[in-house]
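In numbering that gives the first Met the number 0, the protein residues as written are 0 to 539.
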Amino acid sequence: MFLIRAVGGTALASRGMMESMKNKSCCVLAALLLLGGTSAARQQGPNHASLNARLQALAANAPDRMRLLEVGESLAGRPILGLEIGERLRPGSLPPKAPGVLRRTWGQQPALLLVSGLEADRWVGAQVLLELAERWAREDPSALRARLQGGLIYIIPRVDVDGAERNLSARPRRVARGNGRRFDGDRDGRLDPAEAPEDLNGDGVIVMMRHEDPDGEWIADPDDPRLMRKADPKKGERGRYKLYPEALDRDKDGAFGEDAFDGVDISRNFPQGFKEHDPTAGAFATSEPSSRALADFVLDHPNICMAVVYGAGDDLGTLPKPGKEEKPAPRGGGRFRFFRNRKPVTRLQKADLVIWEEARKLRQAAKATFMKDHGSDGGEFAEYLYFQWGRPAFQVNLFQVEEKAPKERGKSVESAKKQEEGARENAPESDTAPPDPVEAEIAAIRANAFVPWASFDHPDLGPVEIGGWTPGALANPSSAAVVTTLVDRESTFLEGLCELWPRLEVSDLEVDPKAPGIYEIDLHILSEGFLPTSTRQGQV
C-alpha cells in the first residue's frame, strides 16, 4: 500500500506559461506587400472517394507513423476517416491492481486534434490537412519524431462528408452548408424538391435574383454596385429591390427556393450554446451521425490536450475576451453545494487567455494571414471542447474573401479594387518585397468571382436580374500555389504547438516505510512544458 504526497495542485502551471504571463511582448510580423493576381490553375477540394483513397494510402505506405482512424459514418452511410500521426511509445508494464482511471490513460501520449470540414461549403481545410499529412509521410522518420516532440496528431480532414460531396459534385453548381437531411423548411407539410433553388438562366451556377419592388429593403451598394445591402432609413435611403434565391415559386406560396434540403449544419450541432428550435442546427445537440461520431472520438481519446478547428471561425486573429474569473470547484463533499444556482461559463477564463496569446504568437511567427471571424451561431465544436472538456481549442479560418474590400482614406471600394487589380502590373521591377500569395488571391477573387447581374424574364416575378458570387469562391482559394503556401504556414504553426506539450518532471523522490507493505512517498512534480496539465476551465 502506498501513501503518495505530491507537491503541486490538480493542475500544474507550467514554467513556460508563467514566463509568458510575465513577458507580454508580441512577435512583430513584417508588413507584406499586397499585390493582385492569382494562379491560373483552378483548385477544387478532393471528393469523398479521392480523400479516403489518399488517407488509406498514407496509412498503408507509412504504417510505422501513420494509422487510419475510422471515426464513424455519416447520415448517408459514408465513412468518416482520419489519421493518427506519430510513433507510439512503448510504456512500462501496468502496475497490478491499478485503478480504472490509470488503466484508461496508461501509456497515452499527448495528442493534438486537427479537425476541418465541419462546414460543407469549406473544403480548403481538407486540402491543407491532407497535403500536410502527405508531406510528413515523405519526411525522414527522425524528422517527424523531432517535430512531434513525443506526441501524436489526430487529423480528421472532413466531418460533413455528405454535404461536401454534394457541393463538390452538384451540377449546376450550388454550394451550401448542411448534411442534406430533409426537413420541411416552410412548414407546409410537404417535402417537395420542386421548391428548391434551380439554375433558371442555364449558366451552370445557382446564385441570387434581385427584383425591383417598392416594398423592397435592398439597394445596390454605392461603393460597389455589384453588392447589395439593406437601405438605412436613418440616412434617408429607400429600398429598391427584393432578394431571392434563384428559383421558381412552383407551389405559389410567395416563397422561392424555401425547401433547399441543405440539411443540418454540422458546425452548429454540438452541445455548447446549441440553438434549439432551429432546424439548421439540428433536432438536438449531436443529433447527426457525423457530429456524434466526432464527440465520441473525443470521449474515447482523453489524451487530446489541445485542438485546432479549421472553419469559418477565427479566434486567434482577434482574441476572445475573457469573462469573470471562475474559482475551481472544491474537492470533497462540497462539490454539489458549490454548483447550486451557478450559471454555466460561456466566456474564456482569464487565466487561460495566455494560451491563446501564445498560439497567436506562433501563427504570427508562421506568417499566417489572420481572417475575420465568421463563426457559426452556437453549437460550435471548438467551444464544446473548451467549455465542456477543458481543452484549449483554437479556431482558425484559413481563407476568407470579404465581399467588400477594405476602405482606405478617401478612396471608394471601386478605386481600391482597381488598385488591387493593377498592383502586379504596376509594381517596380526593383521591388524586392514578395507579394503575399494569400492576400493576392483574395484580391483576385474579389475582382473576378462575381457573376454580373443579368436580366431575366421570370415567369412569376416578371423582369428580374440574376447574379452573385460564384458558389464556394469566397471561402476557398482557386490557386494550387496558395494551398501550398497555406500548407507551409500550417506546418510551421503546428510544429510550434507541439513544443507546448505539458511535460511532467519528477524530482526529490523520497520513500518512507511506515509499516510492512505500507509506504509514504514524497516527490515534487513540475510541468516543464508550456501548457498546464489542465486549463482553468477544466477545473471549474
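Just so you know, even glycine gets a beta-carbon here, dropped at the ideal spot from N, CA and C.
CB of Gly310 within 9 Å of CB of Val437, strictly: As a position in the sequence shown, residue 310 is number 311, starting the count at 1. As a position in the sequence shown, residue 437 is number 438, starting the count at 1. No, the pair does not count as a contact, with Cβ atoms beyond the cut-off.
Length of the line joining the Cα atoms of Gly256 and Leu347: What you label residue 256 is simply residue 257 of the sequence shown in a count that begins at 1. What you label residue 347 is simply residue 348 of the sequence shown in a count that begins at 1. So the alpha carbons of these two residues sit roughly 39 Å apart.
Length at least 3, wholly inside the segment 291 to 322: the beta strand (DSSP E) runs in chain order: 303 to 309
Residues near Arg488 by beta carbon distance below 7 Å, same chain, minus five either side: Locating residue 488 in the sequence shown gives position 489, counting from the first residue. The answer, listed in chain order, is Ala365, Lys366 and Ala367.
Glu498 versus Ala125 - alpha carbon distance: On the sequence shown, position 499 is the one that residue 498 refers to. On the sequence shown, position 126 is the one that residue 125 refers to. Looking at the backbone, the Cα of Glu498 and that of Ala125 are separated by about 24 Å.
Unbroken beta strand (DSSP E) run spanning Ala404, endpoints: Here residue 404 is taken as the residue at index 405 of the sequence shown, counted from 1. Neither: Ala404 is in no beta strand (DSSP E) and is coded neither H nor E.
Rounded straight-line distance, which links the Cα of Arg502 to that of Leu543: In this structure the chain extends from 0 to 539, so residue 543 is not present and cannot be described.
Distance cut-off 8 Å: His276 Cβ against heavy atoms of the ligand SAH: The model depicted lacks the ligand SAH and carries no ligand whatsoever.
Three-state secondary structure (DSSP) of Arg66: On the sequence shown, residue 66 is found 67 positions in, with the first residue counted as 1. Looking at Arg66 - three-state DSSP - the assignment turns out to be strand.
Assigned secondary structure, Gln399 (DSSP; H/G/I helix, E/B strand, else coil): Counted from its first residue, the sequence shown places residue 399 at position 400. In the structure shown, Gln399 sits in coil (DSSP, three-state: anything other than H, G, I, E or B).
Neighbour-count burial assignment, Tyr518, 16 or more Cβ in a 10 Å radius: Indexing the sequence shown from 1 puts residue 518 at position 519. The residue in question, Tyr518, is exposed, as its Cβ has fewer than 16 Cβ neighbours within 10 Å.
At least three beta-carbon pairs within less than 8 Å, the segment 301 to 319 to the segment 109 to 121: yes
Own chain, CB closer than 8 Å to Arg53, minus 5 neighbours either side, in chain order: Within the sequence shown, numbered from 1, the residue matching residue 53 stands at position 54. Result list for Arg53: Pro45, Leu129 and Glu133, in chain order.
With 16 other Cβ atoms within 10 Å as the buried cut-off, status of Asp376: Numbered from its first residue, the sequence shown carries residue 376 at position 377. The residue is exposed, with fewer than 16 neighbouring Cβ atoms inside 10 Å.
Contact the segment 233 to 243 vs the segment 504 to 519: 3+ CB pairs below 8 Å: The count of Cβ pairs closer than 8 Å, one atom from the segment 233 to 243 and one from the segment 504 to 519, stays below three, leaving the stretches out of contact.
Under 9 Å between C-beta atoms of Leu151 and Gly85: Within the sequence shown, numbered from 1, the residue matching residue 151 stands at position 152. Within the sequence shown, numbered from 1, the residue matching residue 85 stands at position 86. Yes, the pair counts as a contact, with Cβ atoms nearer than the cut-off.
Arg362, buried or exposed, once every other Cβ within 10 Å from all chains shown has been counted against 16: Against the sequence shown, residue 362 aligns to sequence position 363. With 16 or more other Cβ atoms within 10 Å, it is buried.
Between the CA atoms of Arg225 and Glu440 - distance to the nearest angstrom: Here residue 440 corresponds to residue number 441 of the sequence shown, with the count starting at 1. Here residue 225 corresponds to residue number 226 of the sequence shown, with the count starting at 1. Each residue's alpha carbon lies about 19 Å from the other.
Proximity of Asp264 and Gly177 at Cβ, strictly below 9 Å: Indexing the sequence shown from 1 puts residue 264 at position 265. Indexing the sequence shown from 1 puts residue 177 at position 178. Between Asp264 and Gly177, the C-beta spacing is below 9 Å.
DSSP three-state assignment for His457, whether helix, strand or coil: Here the question's residue 457 lines up with position 458 in the sequence shown. Of the three classes helix, strand and coil, the one that applies to His457 here is strand, per DSSP.
Continuous beta strand (DSSP E) stretch holding Gly81: start and end: Mapped onto the sequence shown, residue 81 falls at position 82. Start and end: Pro78 to Ile84.
6 Å CB neighbourhood of Leu460 in its chain, flanking five on each side removed: On the sequence shown, residue 460 is found 461 positions in, with the first residue counted as 1. Excluding sequence neighbours, Leu460 sits near His210.
Lys403 to Asp223 span [Cα, whole Å]: Here residue 403 refers to the residue found at position 404 when the sequence shown is read from its first residue. Here residue 223 refers to the residue found at position 224 when the sequence shown is read from its first residue. Between Lys403 and Asp223, the C-alpha separation is close to 8 Å.
Residue nearest to Glu401 in terms of C-alpha spacing, selected from Leu473, Leu68 and Asn166: Translated into the one-based positions of the sequence shown, residue 401 becomes position 402. Checking every option, the nearest Cα to that of Glu401 belongs to Leu473.
Residue(s) in a DSSP beta bridge with Lys241: Within the sequence shown, residue 241 is the residue found at index 242, counting from 1. Lys241 is bridged to His210.
Spatial distance of Glu357 from Asp372 (CA atoms): Translated into the one-based positions of the sequence shown, residue 357 becomes position 358. Translated into the one-based positions of the sequence shown, residue 372 becomes position 373. Using only the alpha carbons, I get a separation of about 19 Å.
The segment 312 to 322 contacting the segment 382 to 398, beta-carbon criterion three pairs below 8 Å: yes
Counterpart residues of Trp217 in DSSP-defined beta bridges: Sequence index remark: in the sequence shown, residue 217 carries index 218 (1-based). Its beta-bridge partners are Lys229 and Tyr240.
Start and end residues, alpha helix (DSSP H) containing Lys360: As a first step, residue 360 must be located in the sequence shown, where it is residue number 361. From DSSP, the alpha helix (DSSP H) with Lys360 extends over Leu352 to Ala364.
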